[in-house]
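If you want the numbering used here, it's the position in the sequence shown, counting the first as 1, plus 1134.
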Amino acid sequence: MSGCFASTSSEYHLWRLPSMEAECSTRLQYCSHEFPQRFASSRTATSTNMSLLRPANFTCSNSVSSASPFPGLDVETKTKTGALCFEETKERIKKMFNKVELSVSAYDTAWVAMVPSPNSLNDPLFPECINWVLDNQHPDGSWGIIHNHHLLMKASLLSTLACALTLKRWNIGHEHMSKALNFIKSNIVSATDEKQYSPVGFDIIFPGMIEYAKDLDLNLPLAPANVDALLQKKELDLRSCRSNSEGGKAYLAYVSEGIGRLRDWEMVMQYQRKNGSLFNSPSTTAVAFMHGNDDGCFNYLHSLLQKFDNSVPTIYPLDIYARLCMVDNLQRLGIDRHFKEEIRSVLDETYRCWMQGEEDIFLDASTCAMAFRMLRLGGYDVSSDQLTQFSEDLFSNCLGGYLKDFGSSLELFKASQIIIYPDESILENINSWTNSFLSHGLSSGSVHSDRPDRLLKQEAINALEFTYSNTLERLLNKRAMENYNIDIVRISKTTYTCLNFGHQDFLELAVEDFNILQSIHHKELKELERWVVENRLDKLKFARQKLAYCYFSAAATLTSPELRDARLSWAKNGVLTTVVDDFFDVGGSEGELINLIQLVEKWDVNGEADYCSKEVEIIFLALHGTVCEIEKRALPWQGRSVMRNVIDIWLALLKSMRKEAEWLKNKIAPPMDEYMENGYISFALGPIVLPALFFVGPKLPEEVIGSCEYHKLFKLMSTCGRLLNDTQSFERESSEGKLNAMSLCMINAGGDFTKEEASEAIKGNVERTRRELLRLVLQEKNSTVPRACKDLFWKMSCVVHLFYRKDDGFTSHELMNSAKALLEQPMVLDELLNK
């Protein structure tokens, strides 16, 4: 088999999509709005709102089963209303780029409230924080974020005890203290429950605060056995990290409030950052200031209160990470094209910070990994050398590495896949150890993460199975929606939320956008079905009907509505290359093959005398009509004729297939170089990808099409496909007496190569070729081919990597199901929200 869409199976045929017209009118739904409630402003003693960021509580249903709130409206009015809702959602998301909204941390606010004035130990330095503590106790006596997660009790215990210590320290709020102690007594069993999610350092900090309570004569209603168990656990933890490892030292400094007077404060201050903080942690910084009155610590704390008024978050600043998370969410959900200007602004600012060596990027593994991945994929020139600190040997030296954080490792794994240079061994190292770490964590169930979220595990499973090189854009978007959690609670020293991490607006817009595009794709597939029949391609008995697969690959990669012409060109030429491949492989005689090539060379054909068979006539006329249609549709895009370009692409393919047929007939085993020089063309990606480039936006003059860069992009993409195909089809083609790259590799080695060794050699070649392709795609300097066009070469490479990941082309049931789900099944918002 020569073509990309070749397959040994004839089992899968074009499916018929159910009528979706009735659904389309319900997809643009209607919204009624309630004003978003971010922070409650009341200061009642039992307020339950102040420490929780709440998403906008509006409804814009995308469920196809939802009843319209405007049943009397006509279709046009409903559509306008739905479009208005769509635009309103976009505007709300755009505003979120302007501000990172962090939840208040009762735990950290309590520690800041405990700081005494340097002038008088009997007076608080930040009395406004004490007022916040008094005003924000929950009815059950606790403090902290309101959430529905039953395994986050340790964070509530930690925040509640910290607030109780604050009130005792300043001898105020006795009723509050009483309620807090009752809450702690009722829930203390959770402190030793291994099933509960533990905030970072809980086993040191919580027992340390119990000891501090004794110093303050705060009588905690705890059984001695519970206290002893907690103190023993603390000593075990301290003993395990009292080593010479840099990671252990950083961890002990980070949890200083749990160690108190025993702490080596000079060592702790080694971790002070340029902004005056320790680890960007208000609680650690507050405790350090209590013991040293450091001006930098004071300035940091003072700046927090200036910004947040009377309370503090648990981490600050978090702007770079939060905005990158937001961009990542929008990209994974497939709605980033609606926010190009805002995303470019975020990446420009991130690049500026990267080049200036900002601590907020390079001292955090997740932020550094995410910034590297997004900047490099965005075309920014960033060096992987900055990730050296996260190699397997060095990662344990940082706080995230010491904690073996699952989320950080996942981000590093994603970043490590963006290898574009031959000498990026650091990325290979990171890729190897993170792959093993994530796989072991999933198999053993021992996952430590900053997210108490089962969906994080699913995200890791998807990341390990679908890497950057074999992921199709629309399938990624669908998985992201299915795996999306709008109630994202993160865990550091305590729980916290950030609207930029996840928001219902993101999911609603993504679902709406997905369903709108799906309805467009459905109409296009119907049009293609008619095209197959009108061109009598369904009458060719030797040819497999692969329209659904061909269109699936187009719809999954060329997603924007305005790329209709590109999708149709891609799909039609995909069908034709499959037909031609089958014709050269099994359906046509030598005379018919020669006749078809001569017809394409002549092109302007009149009458039936030129066709040696009905099959040749059907194939040529379908090809001729399709090329003429491409010529007509490309004219407004390109402002010139592209007819000759497309004909030449097809001629090159037909002649390469003819050469392979001659090799097979004459039992010739060509040298590997000669085979590959012909084989990358015969893999048949040229007619699929190259004409589609005329419809993605930029003009492609002859000098660009004739450039070395353009040709190299095509060759690298096609070489990957050819080698992947030959690896998967080796057994079958060997049984048929056909040669391919695998068998030639073994022959050229003089019999010294086993099948496994040949497979490994080709696998390495694919890896090197793919990296070089990605480098060319991302390279902006001295590039003549527009990025939008270069992206198509990479997207097709992803298609073939996915198709040949496990099977020979299109023989995978899993792939068939993915195609059906993408093209048939609308996303239902209510189901996603209630999962």
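Yeah, the Cβ is synthetic: ideal placement off N, Cα and C, and Gly gets one too.
Does the Cβ of D1539 lie closer than 7 Å to at least one heavy atom of the ligand ZN?
No copy of the ligand ZN appears in this structure; indeed no ligand is present at all.
Grab the span of the beta strand (DSSP E) containing D1257 for me, first residue to last.
S1254 to P1258
Between the beta-carbon of L1847 and the beta-carbon of L1910, is there less than 8 Å?
yes
Boundaries (first-last residue) of the alpha helix (DSSP H) holding A1594
R1588 to E1599
Proximal residues to S1175 (C-beta, below 6 Å), its chain only, five neighbours per side dropped
Reliability fails at S1175, whose pLDDT of 32 lies under 50, so the model's placement of it is uncertain and no value is given.
Short of 6 Å in beta carbon distance, which residues of its chain neighbour L1352, apart from the five on each side in sequence? Order them along the chain.
K1302
Given 8 Å as the limit, is there contact between the stretch 1632–1648 and the stretch 1229–1244, that is, 3 or more CB pairs closer than that?
yes
Pick from E1735, D1482, L1544 and P1261 that is closest to I1306, judged by C-alpha positions
P1261
Taking 7 Å as the limit between beta carbons, can you name the residues of its chain near Y1844, skipping five residues before and five after?
V1838 and V1919
Flag this pair as touching only if the stretch 1744–1754 and the stretch 1692–1706 have three or more C-beta atom pairs under 8 Å; answer yes or no.
no
Suppose the cutoff is 7 Å on Cβ atoms and the five residues either side in sequence are ignored; what does the same chain contact list for A1363 look like?
T1326
With a CB to CB cut of under 7 Å and the five nearest residues on each side skipped, what residues in its chain are close to E1558?
S1518
Neighbour-count burial assignment, T1888, 16 or more Cβ in a 10 Å radius
exposed
Name the one or two DSSP bridge partners that S1251 has.
S1254
Identify the continuous alpha helix (DSSP H) that holds E1901 and give its terminal residues.
K1889 to L1912
Taking F1640 as the reference, which of L1963, I1322 and N1444 has the closest Cα?
L1963
Length at least 4, wholly inside the stretch 1677–1752: the alpha helix (DSSP H) runs in chain order
1681–1689, 1698–1716 and 1724–1736
From A1549, I1227 and S1530, pick the residue whose C-alpha is nearest to that of R1471; which is it?
I1227
Measuring CA to CA, which of F1442, M1401, R1507 and V1446 is closest to A1420?
V1446
Is I1802 buried or exposed, if buried means 16 or more other CB atoms sit within 10 Å of its CB?
exposed
Is it the case that the Cβ atoms of L1589 and N1619 are separated by a distance below 8 Å?
yes
State buried or exposed for G1981, treating a residue as buried only when at least 16 other CB atoms are found within 10 Å of its CB.
There is simply no residue 1981 to check, as the chain begins at 1135 and stops at 1969 in what is shown.
Quick check on this structure: which residue in S1411, S1570 and K1954 has the alpha carbon closest to the alpha carbon of K1538?
S1570
May I ask which residues mark the beginning and end of the alpha helix (DSSP H) holding V1516?
Note, V1516: premise wrong, no alpha helix (DSSP H); not H, not E.
Kindly give me the distance between the Cβ atoms of N1617 and E1593, rounded to whole angstroms, as I take these residues to be in contact under 8 Å.
6 Å
May I have the straight-line CA-CA distance separating A1756 from E1668, to the nearest angstrom?
9 Å
For S1525 and D1242, what's the separation of their Cα atoms in angstroms?
32 Å
Spatial neighbours of L1957 within its chain, please: C-beta separation below 8 Å, excluding the five flanking residues on both sides.
L1151, Q1652, H1655, H1656, L1659, A1682, Y1685, F1686 and A1689
Might you give, ordered along the chain, the residues of its own chain that have their beta carbon closer than 6 Å to the beta carbon of K1367, omitting 5 neighbours on each side?
D1337
For the alpha helix (DSSP H) containing G1575, name the first residue and the last one.
S1559 to S1578
Here's the rule: buried if 16 or more other CB atoms are within 10 angstroms of the residue's CB, otherwise exposed. What is V1198?
Below a pLDDT of 50, predicted positions are generally treated as unreliable, and V1198, at 35, falls in that range; the measurement from the model is reported next regardless. Label assigned to V1198: buried.
DSSP three-state assignment for L1236, whether helix, strand or coil
strand
Report the rounded CA-to-CA distance for Q1406 versus N1951, giving the unit in angstroms.
53 Å
Residue nearest to A1244 in terms of C-alpha spacing, selected from E1475, L1439, F1817 and E1763
L1439
Rounded separation between D1715 and L1857 - CA only
17 Å
Three-state class that DSSP yields for I1625 in the structure shown
strand
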